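Residue numbers (this note's numbering): 9 to 188.
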């Protein structure tokens, strides 16, 4: 019995060391994240930047759940130069949700991507659109003032779902990166 207690104490000490190490790693990660929010890191995207990105992006629906960003890029490469492919994933499970966004280098490439609507990708007919609720909800909505004078944002119902989805895990690949 004394041996069991001694083993339990050793295990508790080991767990405490691991917890301390995790706290140190978390503090370092938070410090690195807060450091990048300042002027030293990459500049934050402005609303104009986000609108410009949206203007050269397409929503791709009915994407096979096991598709990779590289495969999607390969499917759309004939449309033009691609900056990034983003596959949205469920924030709890990390599994893909079945849709993606393809960002092109120029807005002119959008028409070619839209022509690929109902094309066959990994045995599925994919949907492409550039002016759909999921893409529009990423753009800024008009503001309003309520009776107290406070400013707010008018949020359409389809954007409420998108707000939940916007906080989800994403898998994306910039051109030139290698997949894992």
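C-beta: ideal position from N, C-alpha, C; glycine also. Nothing here was measured: the structure is a model prediction, and the numbers come from that model.
* Cut-off 8 Å between Cβ atoms - residues of its own chain near residue 70, not counting five sequence neighbours on either side -> The count along the chain shown starts at 1 and reaches residue 70 at position 62. Result list for residue 70: 106, 107, 132, 133, 134 and 135, in chain order.
* To do: Spell out the partners DSSP gives residue 136 in its beta bridges.
  => Here residue 136 refers to the residue found at position 128 of the chain shown. Bridge partners of residue 136: 68.
* **Where the beta strand (DSSP E) through residue 99 begins and ends** => In the chain shown, the residue the question calls residue 99 occupies position 91. First-last for residue 99: undefined, no H or E at that position.
* Report the rounded CA-to-CA distance for residue 14 versus residue 104, giving the unit in angstroms. => Residue mapping note: residue 14 aligns to position 6 of the chain shown, counting from 1. Residue mapping note: residue 104 aligns to position 96 of the chain shown, counting from 1. Each residue's alpha carbon lies about 46 Å from the other.
* **Three-state class that DSSP yields for residue 131 in the structure shown** => Counted from its first residue, the chain shown places residue 131 at position 123. Three-state DSSP puts residue 131 in coil, outside helix and strand.
* Any idea which residues DSSP pairs residue 111 with across the strands? -> Residue 111 sits at position 103 when you count from the first residue of the chain shown. DSSP, once it has assigned bridges, lists 65 and 92 as partnering residue 111.
* **Separation of residue 31 from residue 59, as counted between CA atoms** => In the chain shown, counting from the first residue as 1, residue 59 sits at position 51. In the chain shown, counting from the first residue as 1, residue 31 sits at position 23. The alpha-carbon atoms of residue 59 and residue 31 are separated by roughly 38 Å.
* Tell me whether residue 12 sits in a helix, a strand or coil according to DSSP, three-state version. => Within the chain shown, the letter at position 4 stands for residue 12. DSSP places residue 12 in helix when its eight states are reduced to three.
* To do: Excluding the 5 residues preceding and the 5 following residue 110 in the sequence, name in chain order all residues of the same chain whose CB lies nearer than 7 Å to its CB.
  => Locating residue 110 in the chain shown gives position 102, counting from the first residue. Closer than 7 Å at Cβ, skipping near neighbours: 65, 66, 68, 80, 84, 90, 93 and 121.
* Asked: Would residue 96 be called buried (16 or more neighbouring beta carbons within 10 Å of its own) or exposed?
  -> Taking the chain shown and counting its residues from 1, the one referred to as residue 96 is at position 88. With 16 or more Cβ atoms within 10 Å of its Cβ, residue 96 is classed as buried.
* Could you give the distance in angstroms between the alpha-carbon of residue 140 and the alpha-carbon of residue 102? -> Taking the first residue of the chain shown as 1, we reach residue 140 at position 132. Taking the first residue of the chain shown as 1, we reach residue 102 at position 94. Those two C-alpha atoms are separated by around 24 Å.
* To do: Determine whether the Cβ of residue 113 lies closer than 9 Å to any Cβ atom of chain C.
  => Absent from the structure is chain C; it holds one protein chain and no more.
* Taking residue 83 as part of the alpha helix (DSSP H), name the residues at either end of that continuous run. => Within the chain shown, residue 83 is the residue found at index 75, counting from 1. 77–84 is the span of the alpha helix (DSSP H), which, as asked, contains residue 83.
* Beta carbon of residue 112 nearer than 9 Å to that of residue 88 -> Reading the chain shown from its first residue, position 104 is the one you call residue 112. Reading the chain shown from its first residue, position 80 is the one you call residue 88. In this structure, residue 88 lies closer than 9 Å to residue 112 by Cβ.
* **Burial state of residue 75, where buried means 16 or more other Cβ atoms lie within 10 Å** => Within the chain shown, the letter at position 67 stands for residue 75. By the neighbour-count rule (16 or more Cβ atoms within 10 Å), residue 75 is buried.
* Could you give the distance in angstroms between the alpha-carbon of residue 25 and the alpha-carbon of residue 10? -> If you number the chain shown from 1, residue 25 lands on position 17. If you number the chain shown from 1, residue 10 lands on position 2. C-alpha separation (whole angstroms): 23 Å.
* Using beta-carbon positions only, say whether residue 129 and residue 72 come within less than 9 Å of one another. => Here residue 129 refers to the residue found at position 121 of the chain shown. Here residue 72 refers to the residue found at position 64 of the chain shown. Against a cut-off of 9 Å, the Cβ pair of residue 72 and residue 129 comes out as a contact.
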